[in-house]
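In the numbering used here, the protein residues as written are 12 to 507.
Okay, here's the thing in structure tokens:
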């Protein structure tokens, strides 16, 4: 790539304002119930991630008290003269608080120990008719070492549970992100395979490949959104892709309001179409199940399938699961209604939805930095959210190369060192080449390893010359600032 072909430096404009009614809605203020739920979530989040509500927390407390009371009852029935096992070779009764602490954490472990203390008082109180005498007798006979050892055991088990629950939450966060990346990679691989097959079959008859059409549709989507944020962007381009790839003859796209209700007027259509039949069985099925439905769907009653005038209906949803549109197909060649076509249509729908529903934060980044790759903006927002929720580090590394011949060679060499999981943004700023890399799930040690790998390549190719001879390195850790502000600051540091 020569200098004239390199992208120019990204402009940094003012903050965007406004939004569109169908793409995002304002976040309501927290209610009193939500504040109470947040309190219980902070109290019990260390031992159970799904118990952050008053009802679930109360059930856990009741369960703990009931199980300890049941254990005391069984111990009293088996050995009424020594229910706590003070004379036994092993205090079996303490297994119940220890198990509860390992299951729910230290908080409910302490509740279990308190229940044991209450049981001690009640059992000792039962031997005396005089309540004052019972209190004195219970205090005199209280086994301090017995209960202290049990409390220490319970707290150790609770601490063990909290440590492993924290590790489990971190692993779940990492796995959720990796699963999302794997899903995107699988879709892209499927599109690549289909693109190659279509290229072999239709190279002479079609001027564009499937991937080129998708890239143009995504670029048109972003452009139309910036020009008119109040409308669903590029629905006509989306339908043209379906016509070209799935042989669709007649179809329409309908937008949804902020509540997810389908609007009756189509925003785009192709072929001979009719007004939307909101009570159509296939439309109701896809809106209820939130997935693509067709006239061969086995879970839909045969009678209802025969009553539908549509062949395919599919909701348009973003990666967060919120519906913003509906696709209905009325006419499709008989031989085209097969599993491969339906699978391709589903992938194209997901590709289109991901392209226009990247979230307000990702769109704000693209408005501020138009040359930023959409993939980097989307991943930056996702990894920032992952950092805030699970404290898993990710990093940005920017290398600013000079414009001399050796620096350009080193610049090209570093571009070839990109890993599959990394997202790269290259642009030109003030006569210098900038290569910015997003390193997912990478902390300071991983950043050092990345720079060391580049340093090794520099020594191997340029006679033991250091990376500092060719480029200046700038790094930023995700989570320290909002994604857009973080990226803009890094761009400004590279331009300084």
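For every residue, glycine included, the Cβ atom is placed at its ideal position computed from N, Cα and C. None of these values were measured; they are calculated from a predicted model.
Beta-carbon proximity check, residue i vs residue j, cutoff 7 Å
| i | j | result |
| --- | --- | --- |
| residue 290 | residue 319 | no |
| residue 407 | residue 501 | yes |
| residue 293 | residue 304 | yes |
| residue 487 | residue 411 | no |
| residue 129 | residue 169 | no |
| residue 491 | residue 451 | no |
| residue 162 | residue 124 | yes |
| residue 338 | residue 264 | yes |
| residue 288 | residue 278 | no |
| residue 478 | residue 493 | no |
| residue 259 | residue 193 | no |
| residue 116 | residue 68 | no |
| residue 3 | residue 336 | Given that the chain is displayed from residue 12 to residue 507, the structure contains no residue 3 and the question cannot be resolved. |
| residue 403 | residue 184 | yes |
| residue 375 | residue 243 | no |
| residue 413 | residue 334 | no |
| residue 340 | residue 201 | no |
Residue i beta carbon near the ligand COA (any heavy atom closer than 6 Å)
| i | result |
| --- | --- |
| residue 106 | Within the structure as shown, the ligand COA is missing, as the structure has no ligands at all. |
Spatial distance of residue i from residue j (CA atoms)
| i | j | result |
| --- | --- | --- |
| residue 199 | residue 351 | 16 Å |
| residue 281 | residue 262 | 5 Å |
| residue 88 | residue 81 | 10 Å |
| residue 66 | residue 175 | 24 Å |
| residue 91 | residue 118 | 30 Å |
| residue 245 | residue 381 | 18 Å |
| residue 209 | residue 363 | 19 Å |
| residue 76 | residue 95 | 16 Å |
| residue 105 | residue 159 | 11 Å |
| residue 109 | residue 164 | 7 Å |
| residue 72 | residue 127 | 14 Å |
| residue 423 | residue 180 | 39 Å |
| residue 390 | residue 301 | 25 Å |
| residue 457 | residue 285 | 57 Å |
| residue 133 | residue 101 | 23 Å |
For residue i, three-class secondary structure by DSSP
| i | result |
| --- | --- |
| residue 169 | helix |
| residue 438 | strand |
| residue 317 | helix |
| residue 345 | helix |
| residue 352 | helix |
| residue 97 | coil |
| residue 335 | strand |
| residue 448 | strand |
| residue 153 | coil |
| residue 207 | helix |
| residue 328 | strand |
| residue 259 | coil |
| residue 279 | strand |
| residue 33 | With a pLDDT of 42 at residue 33, under the threshold of 50, the modelled position of that residue is not reliable, and the figure given next carries that caveat. Of the three classes helix, strand and coil, the one that applies to residue 33 here is coil, per DSSP. |
| residue 303 | coil |
| residue 431 | coil |
Beta-carbon separation (whole angstroms), residue i vs residue j, contact threshold 8 Å
| i | j | result |
| --- | --- | --- |
| residue 78 | residue 113 | 13 Å between Cβ atoms; not a contact. |
| residue 409 | residue 445 | 6 Å |
| residue 188 | residue 397 | 6 Å |
| residue 435 | residue 426 | 7 Å |
| residue 157 | residue 111 | So it is not a contact: roughly 18 Å between Cβ atoms. |
| residue 464 | residue 485 | Contact flag wrong, Cβ pair sits at about 17 Å. |
Local Cβ density within 10 Å of residue i, reported as buried at 16 or more and exposed below that
| i | result |
| --- | --- |
| residue 379 | buried |
| residue 58 | The pLDDT assigned to residue 58 is 44, lower than 50, so where the model puts this residue is not dependable; a value taken from the coordinates is nonetheless given after this. Residue 58 comes out buried. |
| residue 548 | With the chain represented from 12 up to 507, any question about residue 548 goes unanswered, as that position is not in the structure. |
| residue 308 | buried |
| residue 325 | buried |
| residue 481 | buried |
| residue 152 | exposed |
| residue 447 | buried |
Residue-level contact to chain C via CB, residue i, 7 Å cutoff
| i | result |
| --- | --- |
| residue 503 | You won't find chain C in this structure, because it holds only one protein chain. |
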